[in-house]
Structure formats: structure tokens, C-alpha cells
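The opening residue of the sequence shown carries number -13 in my numbering; numbering runs sequentially from there. Think of the CB as a built atom: it goes at the ideal place given N, C-alpha and C, for glycine as much as any other residue. Below: the structure, in C-alpha cells.
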Amino acid sequence: MSIDKGKAAGLVARKGLSRGAAGTVILAAGITLLGAGMTGFVVHAQTTPPPDTGLSLGIEEPAPVRPAAPPVPVGYTFSAVKIEGNAHVDASTIVSYLGLPKGKIVTDAALNDAYQRLVASGLFARVELVPQRGSLLVKVVENPLIGTIDYQGNARIADADLTKVVTSKESQVYSPSAAEADAAIITNEYRQRGRLAATVTPRIIRRPNNRVDLVFEITEGKVAEIARLSFVGNQAFSDYRLRQVLSTKQAGILHQLIQRDSYQIDRIELDKKQLSDFYLAHGYLDFQILDAGATYARDRDATFLTFTISEGQSFRIGKVSTISEVDGLDAAEFNALNRLKPGATYNPLDIQNNVEALESLALKKGLNFITVEPRMARNDRDGTVDVTFAIMKGQRIFVERIDIEGNTTTLDSVVRRQFHTTEGDPMNAREIAQAAERIRALGFFSDVQVTQEPGNAPDQDVVKVAVTEAPTGSLTLGATYGISSGIGVNIGFAETNFLGRGQGLNVSVQTGTDNVDSRIEFSEPAFLGRDLTFAFAAGYLTTKHQNSNYDTQVISVAPSLAFPVSDFGRLKLSYRIARETVSNVDGAVVDDPMTPIDETSNGSSAILMAEEGADFASSIGYNYTWDDRNSGLHPKGGVSFQFGQNFAGLGGDVKYIQTSVRAVAETKIANGDVSLKASFEGGAITTYGGYVSRVTDRYLGANGIRGFQPDGIGPRDLTATNKDALGGNYFAVAHLESDFPVGLPEEYGITGGAFVDVGSVWGLDNTAGTGGTVDDSLRLRSTIGFSVFWNTAIGPLRFNFTHALKKESYDKEQTFDFAISTKF
-13 MSIDKGKAAG LVARKGLSRG AAGTVILAAG ITLLGAGMTG FVVHAQTTPP PDTGLSLGIE
47 EPAPVRPAAP PVPVGYTFSA VKIEGNAHVD ASTIVSYLGL PKGKIVTDAA LNDAYQRLVA
107 SGLFARVELV PQRGSLLVKV VENPLIGTID YQGNARIADA DLTKVVTSKE SQVYSPSAAE
167 ADAAIITNEY RQRGRLAATV TPRIIRRPNN RVDLVFEITE GKVAEIARLS FVGNQAFSDY
227 RLRQVLSTKQ AGILHQLIQR DSYQIDRIEL DKKQLSDFYL AHGYLDFQIL DAGATYARDR
287 DATFLTFTIS EGQSFRIGKV STISEVDGLD AAEFNALNRL KPGATYNPLD IQNNVEALES
347 LALKKGLNFI TVEPRMARND RDGTVDVTFA IMKGQRIFVE RIDIEGNTTT LDSVVRRQFH
407 TTEGDPMNAR EIAQAAERIR ALGFFSDVQV TQEPGNAPDQ DVVKVAVTEA PTGSLTLGAT
467 YGISSGIGVN IGFAETNFLG RGQGLNVSVQ TGTDNVDSRI EFSEPAFLGR DLTFAFAAGY
527 LTTKHQNSNY DTQVISVAPS LAFPVSDFGR LKLSYRIARE TVSNVDGAVV DDPMTPIDET
587 SNGSSAILMA EEGADFASSI GYNYTWDDRN SGLHPKGGVS FQFGQNFAGL GGDVKYIQTS
647 VRAVAETKIA NGDVSLKASF EGGAITTYGG YVSRVTDRYL GANGIRGFQP DGIGPRDLTA
707 TNKDALGGNY FAVAHLESDF PVGLPEEYGI TGGAFVDVGS VWGLDNTAGT GGTVDDSLRL
767 RSTIGFSVFW NTAIGPLRFN FTHALKKESY DKEQTFDFAI STKF
């Protein structure tokens, strides 16, 4: 075997060696054992120096084998060990590897074992044990020391990253076996990145003073894409549906935009778990993955991955009951909380959610050491599982202390406040599990492990929290495009764990063709050490003739406090002060620029002309939110509801009461392929004290009614030349929408959607002086549409195609909308 002489010579020159210097490039040391059971045990390695005429490459031939030595004398003993040839390895280290007792009879077998230990240490190129009268002579030739470790041919993995994984280190003894093992480690690193064709060859270049340079020659190869991802044995679900479950994706015509279509062994293990969880969630208790085989076609740099599965039978929930095994505890109240329904598909998550709900009720009632055990009885004949929730008394264990480790950035207090349990409280496994989920939900850690370990007393346990910090800050430079808004730029900085205190900081600037929206937001989730979120926001928004013939400017400051009022309810109290300006309202507009402007006629409505100027708004408000969509109670959907009011008039020029409401219901059907959502939102502004609402107060635009331009509907002055949207004091809109697959491979990230919107914007305070030409009545608009969603490497793309079923003649339609948003 040999290596390219030109490349090796170049490396020698780069390392500071000249051609003709003593040195030999070899792959591994050849070893020869001589005279087992005799007076000498010899390991021979290549030691012949190269000729001085140039750099020698390749493996040298071993020296001739020496004649065997006489056997070890019967009853041989020694009282001293003499060592020759060691320069770097300490004599005591060699004696420890020998492991032979002094003053006792040594057999040839014991001497052979000692020799094997010295050879296995990897420290020596040659070992010779010579029994002498009263002593044992150990002759060694040490393996060279590693001068420099270099990597050649690596472009995808940096030298620093490879140095972290190899075991060979500079200034340590070179070991051929360790070098080969390191080559295998590097190869595996490339395999994990989907480069199955990668090869790594370790080579050494000899240098003076018994030193070598260790070089890993790397051929990276191409990424082995998943050319085909298929399943065998699936009857209930199609290949298309199962591919949606897996993290690994199948490459296609858009493979350059797909990030997860390479074959990676670790990802396959994750895919197995995801596939098993999917089938279990659909009631397949006997599901098995029989094989996950990958065939690599080297000529195509492609992999064919096949999952062979056995689905088994799908089960549904049979009888559901709750029993109490605690004296004096009535199960009826707990049973009323039971959300598991007979006939529903068996899902372990539903069972767990029900256990959590029952144990949470026990916590609220102040019942300590209570656990709920789900007991299942399988009925294979009718495909059902009877579930009994048994309320039991658990062990009397108390919390000795809570230990937190691994949080190098995040303060202990941030983690500790997620526990409702403190030292000395009764140990409740459910509360500890919920605390672990709260810690994970923070998003500060890539891994969270919460365990219980025995404490210093039989009735005490220690709660150990081990976390791994994750990046929590981001710097964003983005671009957006919309048919109406044009090209925009987003610049932002966000930190969710500011200074390790769990605080949030967000600074952003968004610009469009005709607008600038900049904001700074700060939040403290544990204000005054309680579950109380303090937030502060300041904003600056300007619009310049954005689909209108006037400009606006809003400068605002808004502090707020939010806190929970129930398991799924939260209340937010806020204050806002703002300066709101309307300017540059257009005058008269005529078609012929040579025609003089009639000063008595204005291009914009008299209503807008009267609202030009600046006002100060000062308001207090509240907002109540109830949301169980992320609670696990409804794994296929859920409901959310919001209701809020703002009262303006606490100082300032603006006086109104603003009321808003929003309700959303979501669910999934067709094995989770299709999502359905129905929502309603509305708002009302009621002025008082003689104040007349301004365009900066009122609801503008379509307010979520797709198919119309911004400011495309609502009250208008029909005699004004510009026919600007005036906005309304009231709006209401209902949405019915669905997302579904369109038959393309899931890895392309293309899905479809359909929607129906019905709503309106209406109502003004004062239309006097307009001659009754302002239409501010309630006039419903309705649209239908189809959407195409495409998740690409450059950002999510959205295409909306709409058609107005009901509209007014002065409405401004937008039948097609395209938007892109990306971060880079």
C-alpha cells in the first residue's frame, strides 16, 4: 500500500522537513512474537531508517526473525527489574504493566502474560523480556510521540470538530490501533451526515527524535440521499401518510431545497419511535417494526430505505370507570372529571391526560400522597380496552431538597420557580412531572431530565434537575413581499432568556413600501417573585399613503401585567399612552392636470379633512384569554376564547370604550391529514363625552376578510374624488377554513387550503355635512378561496386565490395574493 508521493512530500515541506531527512511513512507497525515459553519474548517493528536520497513512502519489510531462545529455567525467580530503551515512559509504568511478583517462582505462562500486557499498552514498537540470574531485563523500543495531527480533504467538517472526537492527541504516544479507531470515528461522523461513501486513511510521516506526524486522509464523497422511502405491511395507512410521520424525508425533484432527505443512522432510530407512537395513538397496541433496512447504491450515492411493519389490530375504548382504594375518598367527583369516552380510538396520550386531570384534582383538594393508576383489560374479540382509573394512596415521601445542575447561564431561581413544591413538602410525582414540563416549555434548554433519588432519610427523596443549555437569542435579517405591501425588510433581535433571568427582550424594525413599524418589548415572567408577568412595549408606526391618500403616525408606550386566573384562563391588565397623528390629507383631484383646482372641492372626504391633526390617547384595559388547545385535553384540536376592553379618556383627547372578542375552534379529521378551523372575531368602539372617533381609532381594511385590498371595504364618502376608506366603529367577521394535502410528496412541503369568509366593517359617529353621501351601513361581504402553502428553504410561501361572492361597487378586490417571509 502506498500514498501519493507528491502529496506526502508537500506535507513534509509544510511541516518543516526537507527531503532526504531520516524518516519513513508507514501505516502500522508489524509485530512478530518470538520464542513463546523461552528465554526471550520479542516484538519486532520496522526500525530500518530510509535512505538519505529522498523521502521513503510505504511500509518497510520486517527484519529477519531471530533464532528462538532457550526455555525459562525451572523455578526461575528474580529480585530486580532492569529496563532499557525507555525515554518517555516511566520505569514504574512498565513495572506496573509487567505485574510480576518479585521473589516468587515465575512460569513461562506468567512471563508470556506480562509480555502481552506490555504489547497491549500500545506504548512500544518492540518488547523483549530476558530472564537473567536474579533479575529480569526488559528491553523496549518506544512508539514515537505524535508531533502534529493533520486532516486532509475535509471540507464539510472543520479540523476543530474532528479534533474533538478523535482519541489520538498531539504530544502523546502514537498507537497504530488508536489511529485506525480514530479513522473509524471520523468515518462515522460523515455517515451521520449522510455521506456513506466517505473513506478515511490514517498515515504517519516520521520525524527526527522518534516523533511522527499523524495525517488522516479523507475522501468525503457525496451525500447519500434517500432515493425511495417505502413501507411493507401497512394496510391502514398509505405510504404518503406514514412519510409525514417520519423525520427522514424522501428526495425528489426539489431535493436541493429539502434539508432532511439524507440517510442518517441516528435519525432512523428517531423515525422508529415516531412511527411506533403514531400507530399507538391510533389504537394499534400490537404494532411492531420488524425491520428498517437501508440499501446503499454506491454508483448513485443514494439509499433505498424500507420499513417492514406489522400493524396488528386497532383497539377502541370500552368501559371506563373510576374506583377509590382510599378510605373515605368518594370516586364520584373524580369520575365526573373523566374525559375518556367509550368508543373513542385507544390512545395512550388520552389515558395519560386523564390521569393528570384526576391527580391535579387531588392536588387542588389538598390530598397528599395520592396517585391514579390506569388499569387496562384487553378484549381481543371485539377490539376494545376497558379502562379503570384506580385512586390509590402512595408512599409517604417528602422532598428533602431540589438540586439543579447544568445551568451555566440560566439562574437557579428561573428553574426553581417552575416547582410548586418546596423542600419539606409532600412528594407528589404528578407535580414533579408537571414541573418538568414547565421547565421544558421555557425553551431555554435542549434537554431536561428530572429524577427522584433517595435522600438521607427513608421518607425523603431528592429531586434532581439536569439541564443542557440551548441558544435562546437570535438576530434576524429578513425580507417580505406581498402584492399590496410590496417589498419589505425586517431587522430584529430577540432574547428569551435575557441575562439568564428568564426575561424576554425583543427589538424589531419592519419596513414596507409605504410604512415603518418599529417596536421594543420587554417582559419579566416572575414579577415580584410571583406568577405575574410584567411587560413593557413601545412602538413607532408610520404609514405614507399606504393604499390611501393621507399619512398616519402613532407613537405609543404600553406597560401591562398578566396572571393566571384558572388552569386555562389568564387575565391581562394594561395601560397605553399614544400620540396619534393624521396628516397630508389630499385636496382636490382632477383628471386633467391643466384644469384649475376647485378650492371648494376636496379629493378626500370632509370627514378625513376634519380629523387631520394630532391627538393624545390615554387608556386602561383588560383582556381575558381561555385556551385549552395546548393542554393535551384535545389532542386533535381545542377551543380558545378572548374578550377584552380598553377605556380611553384617562387624560388625553380621546374618549371611547373599545370592546373586542375572538373565538376559535379547531379539530383534525381523516387520520389527522385534514385540519378544520372555525373562528369569529369582532370589535366595537363606543365614544362618549362628545368625542368623535378618528381614522386612527376605527377599524380599517378588510379586518381578516380575504379577497379585498387593505382598506378595501368599509364606510366611504361616495362623492369624494379619492373615495378613501374611512374605517368603521364596528367590525365582525367569521372564517371557515381547512388545510389538507394535495397529493404531492410530503417532503415537498406543499399543502392546500380552502376558506370562506363573511363579514363587514361599518358605523361612523358623525356624517353631518356630507350631504348624506356617506355609506356607513352594515353591508355584508363574503368570499371563497383556495390557498397553496409551500415551505421552502428560503421561507414559507403563501398563494391565495379568492373570489368575492358579495361585495359593493366601491370595494377594492384582490383576487390573488402572494407573500414570502424569510430569515437569513
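Item                                                                                                                            : Value
Straight-line Cα distance separating residue 385 from residue 651                                                               : 41 Å
CA-to-CA distance, residue 459 to residue 494, given in whole angstroms                                                         : 13 Å
Limits of the unbroken alpha helix (DSSP H) element including residue 166                                                       : 162 to 178
Residue 684 - DSSP class collapsed to helix/strand/coil                                                                         : coil
As assigned by DSSP and simplified to three states, the class of residue 712                                                    : coil
Expected contact under 8 Å - CB spacing of residue 232 and residue 220 to nearest Å                                             : Residue 232 to residue 220, Cβ: 13 Å. No contact.
Distance CB(residue 421)-CB(residue 405) smaller than 7 Å                                                                       : yes
Residue 692 - DSSP class collapsed to helix/strand/coil                                                                         : coil
Status (buried if at least 16 other CB within 10 Å, exposed otherwise) for residue 655                                          : exposed
Own chain partners of residue 439 with C-beta closer than 7 Å, once the 5 adjacent residues on each side are dropped            : 447, 448 and 450
Three-way DSSP call (helix, strand, coil) for residue 473 in this model                                                         : strand
Three-state class that DSSP yields for residue 792 in the structure shown                                                       : strand
Neighbourhood of residue 550 by C-beta distance below 7 Å, restricted to the same chain and skipping five residues each side    : 517 and 556
Own chain residues within Cβ distance below 7 Å of residue 360, not counting five before or after                               : 337, 341, 373 and 375
Residue 463 versus residue 315 - alpha carbon distance                                                                          : 59 Å
For residue 217 and residue 293, believed in contact at Cβ under 8 Å, the rounded distance                                      : 5 Å
C-beta contact flag for residue 83 and residue 115 at 7 Å                                                                       : no
C-alpha distance - residue 271 paired with residue 327, whole-angstrom precision                                                : 18 Å
Inter-residue spacing [alpha-carbon to alpha-carbon] between residue 377 and residue 300                                        : 28 Å
Continuous alpha helix (DSSP H) stretch holding residue 816: start and end                                                      : With the chain running from -13 to 810 in the structure shown, residue 816 is simply not present.
Pair within 7 Å by beta-carbon distance, residue 140 and residue 204                                                            : yes
At least 3 beta-carbon pairs within less than 8 Å: the region 717 to 731 vs the region 655 to 672                               : yes
At least three beta-carbon pairs within less than 8 Å, the region 364 to 371 to the region 423 to 435                           : no
Whole alpha helix (DSSP H) elements within the region 396 to 477, 4-residue minimum                                             : 398 to 402 and 415 to 427
Span of the alpha helix (DSSP H), counted from its first residue to its last, around residue 505                                : Not the alpha helix (DSSP H): residue 505 falls in the beta strand (DSSP E), residues 501 to 510.
CA-to-CA distance, residue 319 to residue 313, given in whole angstroms                                                         : 15 Å
Endpoints, the beta strand (DSSP E) within which residue 381 is located                                                         : Careful: residue 381 lies outside any beta strand (DSSP E) and carries neither H nor E.
Straight-line Cα distance separating residue 69 from residue 126                                                                : 8 Å
CA-to-CA distance, residue 548 to residue 679, given in whole angstroms                                                         : 29 Å
Alpha-carbon to alpha-carbon, residue 354 and residue 428                                                                       : 27 Å
7 Å Cβ shell around residue 496 - same chain, five flanking residues per side excluded                                          : 474, 476 and 503
Endpoints, the alpha helix (DSSP H) within which residue 231 is located                                                         : 225 to 231
Per DSSP, the bridge partner or partners of residue 677                                                                         : Answer is none; residue 677 lacks a bridge partner.
Residues bridged to residue 254 [DSSP beta-bridge criterion]                                                                    : Answer by DSSP bridge pairing: none, since residue 254 is not bridged.
Nearest candidate by alpha-carbon position, reference residue 498, set 559, 527, 628 and 479                                    : 527
Cut-off 6 Å between Cβ atoms - residues of its own chain near residue 543, not counting five sequence neighbours on either side : 524 and 563
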